[in-house]
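Asker: One structure is given below, represented as structure tokens, and several questions about it will come after.
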Amino acid sequence: MLLIDLSNKKAIVTGSTRGIGRSIGEFLARAGAQVVITGRDRRRAEEVAKEIEEAYGVKTLGLDLSMEDTQSIREFYEGVEKAWGGVDILVNNAGITRDKLFLRMSLEDWEEVLRVNLTGTFFLTSLVVKGMIKSRWGRIVNISSVVGFTGNVGQVNYSSTKSALLGFTKSLAKELASRNITVNAVAPGFIETDMTAGLSEDIKESYLKNIPLGRFGKPEDVAGLVVFLCSDYASYITGQVLHVNGGMY
Ligand code: NAI
Numbered sequence: 000m001l002l003i004d005l006s007n008k009k010a011i012v013t014g015s016t017r018g019i020g021r022s023i024g025e026f027l028a029r030a031g032a033q034v035v036i037t038g039r040d041r042r043r044a045e046e047v048a049k050e051i052e053e054a055y056g057v058k059t060l061g062l063d064l065s066m067e068d069t070q071s072i073r074e075f076y077e078g079v080e081k082a083w084g085g086v087d088i089l090v091n092n093a094g095i096t097r098d099k100l101f102l103r104m105s106l107e108d109w110e111e112v113l114r115v116n117l118t119g120t121f122f123l124t125s126l127v128v129k130g131m132i133k134s135r136w137g138r139i140v141n142i143s144s145v146v147g148f149t150g151n152v153g154q155v156n157y158s159s160t161k162s163a164l165l166g167f168t169k170s171l172a173k174e175l176a177s178r179n180i181t182v183n184a185v186a187p188g189f190i191e192t193d194m195t196a197g198l199s200e201d202i203k204e205s206y207l208k209n210i211p212l213g214r215f216g217k218p219e220d221v222a223g224l225v226v227f228l229c230s231d232y233a234s235y236i237t238g239q240v241l242h243v244n245g246g247m248y
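Each residue of the sequence shown is one higher than the one before, starting from 0 at the first, in this note's numbering.
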């Protein structure tokens, strides 16, 4: 038997065509869960869903979802309900950066990041949670960031959303605890994905100096924790934030 068995569970992982989200999708599938893979491009989402289905022998769905657009979120979730009724697990992973020094940051830079990282997360969660309440079981995991704790030059918009997700997590955990739904956040440090690939070698070097474990994280370092939080072993953990950062914070 698998140590973590999610074989009767269905999950949505937002932004799961690549990076951390994809790895979370694969780990959930490995534990037996049915997984909805989402990305902005439907064809890509379908391809990744098929790859995961073939690799792990679970049912998957690949659907397009644009987190900045509430209509897209509504249509996406209608598609999930039509196919599977609802889901037991929601991993709010999709997130964007629009880095700029504060004095150059426009209102649009600010609003775009808030729409995707925060308002989109709020709206999708509000739709998904209704089914969890009916089935009296649910797991919600929000992907925050170390910069929501430390702040970071050029990331006033992004780090604000990642701190805000902690208030969201803690308040929602209190509201949903009596319904047997846990809500937790995971705060990754520096993880090697497309999001961090564009940083200059100098900046990467300076981050590395501050990581006691002496390496950058991999998507799997985050995915392992997320799967644990979705399992029955984590049924008494809610309203928490767990850090995955090699000791940098
Ligand atoms: P990534 O850029 O490699 O992947 C992002 C995923 O989100 C992709 O699947 C993309 O299709 C999707 N996405 C982007 N914009 C979207 C939108 N408007 N609507 C719907 N989906 C959209 O990013 P990565 O590194 O895998 O990050 C995943 C999460 O982890 C993000 O929330 C990020 O803020 C967070 N994080 C990442 C860290 C890192 O070092 N890579 C550190 C801390 C947190």
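Just so it is clear, CB atoms sit at the ideal spot from N, CA and C, and this is done for glycine as well.
Compute the beta-carbon to beta-carbon distance between ALA264 and PHE26, rounded to the nearest angstrom, for a pair I have assumed lies under 8 Å.
Answerer: Within the shown structure, residues of the chain are numbered from 0 to 248, placing residue 264 beyond reach of any answer.
Asker: Taking the alpha carbon of ASN7 as the point to measure from, which residue in GLY94, LEU100, GLN33 has its own alpha carbon closest?
Answerer: On the sequence shown, residue 7 is found 8 positions in, with the first residue counted as 1. Closest option to ASN7, Cα to Cα, is GLN33.
Asker: Output the distance between the C-alpha atoms of VAL47 and ILE36, rounded to the nearest integer angstrom.
Answerer: Taking the first residue of the sequence shown as 1, we reach residue 47 at position 48. Taking the first residue of the sequence shown as 1, we reach residue 36 at position 37. Each residue's Cα considered, the two are about 7 Å apart.
Asker: I want to know whether the stretch 208 to 215 touches the stretch 158 to 174 - three or more CB-CB distances under 8 Å.
Answerer: No, because fewer than three Cβ pairs between the stretch 208 to 215 and the stretch 158 to 174 fall closer than 8 Å, the two stretches do not touch.
Asker: Assess, as a yes-or-no matter, whether the stretch 125 to 135 is touched by the stretch 71 to 88 under the definition of 3 or more beta carbon pairs within less than 8 Å.
Answerer: Touching, yes, given that three or more Cβ pairs across the two stretches are closer than 8 Å.
Asker: Going by the C-beta, is ILE139 closer than 7 Å to any heavy atom of the ligand NAI?
Answerer: As a first step, residue 139 is located in the sequence shown; it is residue number 140 there, counting from the start. No.
Asker: Where does the unbroken alpha helix (DSSP H) through THR168 begin, and where does it stop?
Answerer: On the sequence shown, residue 168 is found 169 positions in, with the first residue counted as 1. Segment 155 to 175, the alpha helix (DSSP H) holding THR168.
Asker: Within a Cβ cutoff of 6 Å, which residues of the same chain sit near PHE101, ignoring the five residues on either side of it in sequence?
Answerer: Locating residue 101 in the sequence shown gives position 102, where the first residue counts as 1. Taken in chain order, the residues that qualify are VAL155.
Asker: Between which two residues does the beta strand (DSSP E) carrying ASP10 extend?
Answerer: For this step, residue 10 is matched to residue 11 along the sequence shown. Residue 10 is actually Ala in this sequence, not Asp. ALA10 -> beta strand (DSSP E) spans 9 to 12.
Asker: Whose C-alpha, out of LEU165, THR118, GLY150, is nearest the C-alpha of VAL140?
Answerer: On the sequence shown, position 141 is the one that residue 140 refers to. Answer by Cα proximity: LEU165.
Asker: Is the distance from the Cβ of TYR206 to the Cβ of PHE227 below 8 Å?
Answerer: Position 207 of the sequence shown, counting from 1, holds the residue named residue 206. Position 228 of the sequence shown, counting from 1, holds the residue named residue 227. Contact flag unset, no.
Asker: State the DSSP-derived secondary structure class of GLN70, mapped to helix, strand or coil.
Answerer: Counting from 1 along the sequence shown, the entry for residue 70 is found at position 71. If DSSP states are grouped into helix, strand and coil, GLN70 belongs with the helices.
Asker: Does DSSP classify ASP40 as helix, strand or coil?
Answerer: Taking the first residue of the sequence shown as 1, we reach residue 40 at position 41. Coil, per DSSP.
Asker: Roughly how far, in whole angstroms, is the beta-carbon of GLU67 from the beta-carbon of ARG97, given that I think they are within contact range, below 8 Å?
Answerer: Here residue 67 refers to the residue found at position 68 when the sequence shown is read from its first residue. Here residue 97 refers to the residue found at position 98 when the sequence shown is read from its first residue. Going by Cβ atoms, the distance from GLU67 to ARG97 rounds to 12 Å, so no, they are not a contact pair.
Asker: Output the distance between the C-alpha atoms of PRO218 and PRO187, rounded to the nearest integer angstrom.
Answerer: The residue given as residue 218 occupies position 219 in the sequence shown. The residue given as residue 187 occupies position 188 in the sequence shown. If you take the alpha carbons of PRO218 and PRO187, they lie about 9 Å apart.
Asker: Got a sec, what are the start and stop residues for the beta strand (DSSP E) THR192 sits in?
Answerer: Along the sequence shown, one-based indexing puts residue 192 at 193. From DSSP, THR192 is part of no beta strand (DSSP E); its letter is neither H nor E.
Asker: Pick out whichever of GLY246, LEU175, LEU198, SER230 has its Cα sitting closest to the Cα of ASN209.
Answerer: Position 210 of the sequence shown holds residue 209. Ranking GLY246, LEU175, LEU198, SER230 by Cα distance to ASN209 puts GLY246 first.
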